[in-house]
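Undergrad: Residue numbers (the working numbering): 4 to 190.
Heads up, the beta-carbon is just placed ideally off N, CA and C, and yes, glycines get one too.
Values in this document were obtained by computation on a predicted structure and should not be read as measured data.
Here it is: the structure, laid out below.
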């Protein structure tokens, strides 16, 4: 099986949701016309953090897809932070569930940088718990090799592998949360 993410984190903050929907629908039509019928991942707007596009237009986009084979993705970073959330994990994941669309949390970590040059906390355990409870999949970001974020802050806190080593079986703090959290971790 293969999942194809059409365009990772396409569209900035403030993107009109109808424009987002129409743009992705056009891209989906082109890909389907080329003969690909597999799963296409559609990232939400605002660098994939705004869940309102899939909630509002997801069913219509699926109905317009000749293969009827879309999965919508939200990335849970700064807009979902503990310190300044624009979106509540529990509220919006319930809204997504009620929208009855295929959904994954396509990226998340337990920390994120923000433009104020700070590191904010993401409630990763709540994300995993809600995914488990609601039947959603999730993808933690990322094994290793993250560069720099806002203000040149190292993003090594997003490395799942300890000491930013590619070939390891030892997990970082984030890796232990993602793999070993009781009941909700990957293991």
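Expressed to the nearest angstrom, what Euclidean distance is found between the alpha-carbon atoms of residue 93 and residue 26?
TA: As a first step, residue 93 is located in the chain shown; it is residue number 90 there, counting from the start. As a first step, residue 26 is located in the chain shown; it is residue number 23 there, counting from the start. Rounded to whole angstroms, residue 93 to residue 26 spans 29 Å at the Cα level.
Undergrad: Please determine if the region 44-57 and the region 9-19 are in contact, where contact requires at least 3 C-beta pairs separated by less than 8 Å.
TA: As far as the Cβ criterion goes, the region 44-57 touches the region 9-19, which means the pair count is three or higher.
Undergrad: Roughly how many angstroms lie between the CA atoms of residue 19 and residue 55, to the nearest whole one?
TA: Sequence index remark: in the chain shown, residue 19 carries index 16 (1-based). Sequence index remark: in the chain shown, residue 55 carries index 52 (1-based). Between residue 19 and residue 55, the C-alpha separation is close to 11 Å.
Undergrad: In the DSSP assignment, what residue or residues form a beta bridge with residue 12?
TA: Within the chain shown, residue 12 is the residue found at index 9, counting from 1. Partner(s): none; residue 12 has no beta bridge.
Undergrad: To the nearest angstrom, how far is the alpha carbon of residue 52 from that of residue 95?
TA: Along the chain shown, one-based indexing puts residue 52 at 49. Along the chain shown, one-based indexing puts residue 95 at 92. Each residue's Cα considered, the two are about 11 Å apart.
Undergrad: Quick check: the Cα distance between residue 172 and residue 181, rounded to an integer number of angstroms?
TA: Here residue 172 refers to the residue found at position 169 when the chain shown is read from its first residue. Here residue 181 refers to the residue found at position 178 when the chain shown is read from its first residue. Between residue 172 and residue 181, the C-alpha separation is close to 14 Å.
Undergrad: Please return the same chain residues whose Cβ sits closer than 6 Å to the Cβ of residue 143, not counting the five positions on each side in sequence.
TA: If you number the chain shown from 1, residue 143 lands on position 140. Within the same chain, residue 143 has close Cβ partners 181.
Undergrad: Please name the residue, chosen from 157, 48 and 163, that lies closest to residue 15 on a Cα-to-Cα basis.
TA: Residue mapping note: residue 15 aligns to position 12 of the chain shown, counting from 1. It is 48 whose Cα lies nearest to the Cα of residue 15.
Undergrad: Our contact map puts residue 153 next to residue 117 with C-beta atoms below 8 Å; I'd like the distance itself, whole angstroms only.
TA: In the chain shown, residue 153 corresponds to position 150, counting from 1. In the chain shown, residue 117 corresponds to position 114, counting from 1. Yes, residue 153 and residue 117 are in contact; Cβ-Cβ is about 6 Å, under 8 Å.
Undergrad: Counting beta carbon pairs with one atom in the region 104-117 and one in the region 128-146, are three or more of them shorter than 8 Å?
TA: Touching, per the Cβ criterion.
Undergrad: On the DSSP letters alone, give me the boundaries of the alpha helix (DSSP H) that residue 114 sits inside.
TA: Walking along the chain shown from the start, residue 114 turns up at place 111. Element bounds for residue 114: not the alpha helix (DSSP H) but the beta strand (DSSP E), 114-117.
Undergrad: Taking three-plus beta-carbon pairs below 8 Å as touching, is the region 27-38 in contact with the region 57-77?
TA: As far as the Cβ criterion goes, the region 27-38 touches the region 57-77, which means the pair count is three or higher.
Undergrad: When we look at the beta-carbon of residue 3 and count the other beta-carbons within 10 Å, is it buried (16 or more) or exposed?
TA: The first residue shown for the chain is 4 and the last is 190, placing residue 3 beyond what the model contains.
Undergrad: Helix, strand or coil for residue 95, going by three-state DSSP, please let me know.
TA: To locate residue 95, count along the chain shown from 1; it is residue 92. It is helical.
Undergrad: List the residues that DSSP assigns as beta-bridge partners of residue 193.
TA: This structure does not reach residue 193, given that the chain is present from 4 up to 190, and the question cannot be answered.
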